[in-house]
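Participant:
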Amino acid sequence: MGAVPPQAMRGDRMPVEQTRTPGPGWRADELFAGLTSGQFSCVRSCLRAEVVDIERHDRVLQRTSVPSMIGVLIAGTALDTQIREDGSTSLVDVVEVGDLFGDGWDSLSEGTNRAIVAASPGRAILLDSHRLIHGDSGCSVRPVVVENFLRCVMKKHHRLREHFDLVTRRSLRERLSSFLLGAAERNGYRQFTIPISRAELASFLNADRTAVSRELARMRDESLISFHRNSFALHDLIRPGNNGHSEATAARSGPGYATRPGKTSRHSEQAQSVQPTCRQSRLGG
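For the sequence shown, the numbering used here assigns the number 1 to the initial residue and increments by one for each residue that follows.
1) Over what stretch of residues does the alpha helix (DSSP H) that includes Ser203 continue unbroken?
2) Name the DSSP beta bridge partners of Leu160, please?
3) Among the candidates Ser45, Arg84, Ile116, whose CA atom is the shortest distance from the CA of Gln62?
4) As a quick exercise: from Ser129, Cys42, Glu96, pick the residue whose alpha carbon is nearest that of Arg123.
5) Is DSSP giving Leu132 helix, strand or coil here?
6) Going by DSSP in three states, Ala183 sits in which element: helix, strand or coil?
7) Could I get the ranges of all uninterrupted beta strand (DSSP E) runs contained in the region 66-125, with 3 residues as the minimum, in chain order?
8) So for Arg220, helix, strand or coil by DSSP?
9) What does a CB cutoff of less than 8 angstroms around Arg169 pick up in its chain, not counting 5 residues either side in sequence?
10) Buried or exposed: where does Glu200 fall if 16 or more other Cβ atoms within 10 Å of its Cβ makes it buried?
11) Looking at the structure shown, is Ser226 part of a helix, part of a strand, or coil, going by DSSP?
12) In whole angstroms, give me the CA-to-CA distance for Ser68 and Ser45.
13) Just confirm the distance between the C-beta atoms of Ala184 and Leu234, as a whole number of angstroms; I'd bet it's less than 8 angstroms.
14) For Val153 and Leu100, what's the separation of their Cα atoms in angstroms?
15) Counting along the chain, where does the alpha helix (DSSP H) carrying Thr45 start and finish?
16) Quick one: what does DSSP say Asp208 is sitting in, helix, strand or coil?
17) Look up Leu166 in the DSSP assignment and say whether it is helix, strand or coil.
18) Using C-beta distances below 6 angstroms, list every residue in its chain close to Asp58, excluding the 5 sequence neighbours before and after it, in chain order.
19) Specify the secondary structure class of Leu237 as computed by DSSP and reduced to three states.
20) If Glu71 and Leu132 are in contact, beta carbons under 8 angstroms, what's the gap, nearest whole angstrom?
21) Would you check if there are 3 or more beta carbon pairs closer than 8 angstroms linking the region 149-166 to the region 28-42?
22) Give the single residue among Leu205, Gly138, Ser140, Arg161 whose Cα lies nearest to the Cα of Ser171.
23) Residue range of the beta strand (DSSP E) that Ile54 falls in?
24) Exposed or buried, what is Leu160 when buried is set at 16 or more other beta-carbons lying within 10 Å of its beta-carbon?
25) Do Asp128 and Arg48 count as a contact pair if the criterion is CB distance below 8 angstroms?
26) Less than 8 angstroms between C-beta atoms, sequence neighbours within five positions excluded: which residues of the same chain meet that for Arg214?
27) With the cut-off set at 8 angstroms, would you say Arg56 and Ser140 are in Cβ contact?
28) Candidates Arg218, Leu180, Ile238, Ala211: which alpha carbon is nearest Asn230's?
29) Considering only residues of the same chain and omitting the five flanking positions on each side of Gly135, which have a CB-CB separation below 8 angstroms?
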């Protein structure tokens, strides 16, 4: 998703201005909705926001460093990972463009460690949540960002609740079916690409990687889905717990992604029964 013209941004607290040159890192995502690029420069100074470029496997943010830091992803994909004392990890959330991360970390128990790890090259904006809440009361930009921040937190809470509902399903088939149907419904297409690896998908579903690959193969053999790497096409997949009524047709047939449309995936053309025009999307395998 490209930058949205100022006229299209949400929020009416401030007059909207046209600016020729956006500030570095400017993107009209939800956290900065209603701000011009000039006002975003104020965010960088008043809230000490820092724009960082990231590469795959970079640790964008870690709880043990600065617990009060939060961020928003403006390009790429990242993984919100919980790190246990024995070194093992579990995937808490998949962070995509516009998503918030790091919020609430300062209230976690002492032994809990979390990290945001880049799953692809990208860019993020980091800022201190203490300055966001307790910053200069005379700043006209901060109240807008605070209001947007609360919306982002509510949106993230809903996403995490959906993840909890997903991993509490009894069988791996139910978890995979719910995940794939949800990915298709988010974009309105039965063909999509997900931006996480098979191992990351297994962690997201709280399952073993080998078991996930085996179950996907069975679903393909039953003509429920087609896939190649992380590109999928849904054929006759049924939503678990709906008395056998297929919801695969709720997503329109045609090329698309589970997330925001973007670059063309090099894997899409090779997917079984996936059209060569299948564009890029959200989470994946």
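Yeah, the Cβ is synthetic: ideal placement off N, Cα and C, and Gly gets one too. Here the structure is a predicted model, which is why all the values come from computation and not from measurement.
Facilitator: Put simply:
1) 198-204
2) Per DSSP, none; premise fails for Leu160.
3) When only C-alpha atoms are compared, the closest one is Ile116.
4) Ranking the options by Cα distance to Arg123, first place goes to Glu96.
5) helix
6) Looking at Ala183 - three-state DSSP - the assignment turns out to be helix.
7) Within the region 66-125, the complete beta strand (DSSP E) runs of at least 3 residues are 69-75, 78-83, 89-95, 113-118.
8) helix
9) Arg175, Ser178, Pro240
10) buried
11) strand
12) 17 angstroms
13) 6 angstroms
14) 7 angstroms
15) The sequence shown places Ser at residue 45, rather than the Thr named in the question. First-last of the alpha helix (DSSP H) with Ser45: 37-46.
16) coil
17) In the structure shown, Leu166 sits in a helix (DSSP, three-state: H, G or I).
18) So the qualifying residues of the chain are Ala118.
19) coil
20) For the record, residue 71 in the displayed sequence is Gly; it is not Glu. Not confirmed; about 12 angstroms, so no contact.
21) Yes: the two stretches touch, three or more of their Cβ pairs being nearer than 8 angstroms.
22) Leu205
23) Ile54 -> beta strand (DSSP E) spans 50-54.
24) exposed
25) yes
26) none
27) no
28) Leu180
29) So the list reads Cys46, Leu47, Arg142, once near-sequence residues are dropped.
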